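In what follows, a single structure is set out as structure tokens and then discussed.
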Amino acid sequence: MFGGKFIEKFVSILDQVEFPSKFRNDLKEANKEVIIYCPYVEPGSFGYKALINGLKKAAKRNVDVKIVVREDIDRKKVEELINSGIKIYGRKTHVKAAIIDNKTIYIGSLNMLSSWMTEDVMIRISGTKGKKILEKLSKKLFETIKPPSEEERIT
1 MFGGKFIEKF VSILDQVEFP SKFRNDLKEA NKEVIIYCPY VEPGSFGYKA
51 LINGLKKAAK RNVDVKIVVR EDIDRKKVEE LINSGIKIYG RKTHVKAAII
101 DNKTIYIGSL NMLSSWMTED VMIRISGTKG KKILEKLSKK LFETIKPPSE
151 EERIT
């Protein structure tokens, strides 16, 4: 039922070279909400530099951008994000994922706002053909990984 061509229409496996441009394009299309689970934030890193402008632009367009980081993160590392209108939440986490408008899901091993290793990958799931699967995945993801709460917010 879910073979070859069907899967290829809405599932991509992206390496650290392919990921940034695809994610930036998805950020440009975001209308409502972006939730990123990224335990580590390193402002001088390749990942941070590759995505910071897209995140800031989304926040300026009134997209609700939320990033869940480790609860013990140095506040200085997220200062630029907070000052750009991006909401930061701290908790015990090691999840690397993103959900954009409940239409596109990324999940994998890549710390999006930190350094990337040569074998990091992100699986991107999107597209109208996979809408039912996306809804089920998003629901299951939020059963396993809870959405950020105001009690966790770092201000």
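Mind the numbering: the sequence shown is residues 1 to 155 in our numbering, read in order. Beta carbons are placed, not taken as given, at the ideal position from N, Cα and C, and that holds for glycine. For clarity, every value in this text was computed on a predicted model and none was experimentally measured.
Exposed unless 16 or more other CB atoms sit within 10 angstroms - verdict on residue i
i           : result
residue 47  : buried
residue 111 : buried
residue 104 : buried
residue 96  : buried
For residue i: DSSP bridge partner residues
i           : result
residue 123 : 13 and 107
residue 73  : The partner list for residue 73 (beta bridge, DSSP) is empty, contrary to what the question assumes.
residue 30  : Residue 30 pairs with nothing; no bridge assigned.
residue 37  : 68 and 97
Distance between residue j and residue i (C-alpha atoms, nearest Å)
i           : j           : result
residue 51  : residue 45  : 10 Å
residue 106 : residue 14  : 10 Å
residue 215 : residue 124 : Not covered by the structure: residue 215. The range shown for the chain is 1 to 155.
residue 69  : residue 28  : 22 Å
residue 102 : residue 39  : 21 Å
residue 54  : residue 23  : 9 Å
residue 155 : residue 79  : 9 Å
Cβ neighbours of residue i in the same chain (closer than 6 Å, five flanking residues each side left out)
i          : result
residue 12 : 124
residue 85 : 59
Contact set for residue i: own chain, Cβ-Cβ below 7 Å, skip 5 residues either direction
i           : result
residue 116 : 16, 46, 47 and 110
residue 205 : What the structure shows of the chain is the stretch from 1 to 155, and residue 205 is not part of that stretch, so it cannot be assessed.
CB contact check: residue i to chain D, cutoff 7 Å
i           : result
residue 145 : Here chain D cannot be found, since the structure has a single protein chain.
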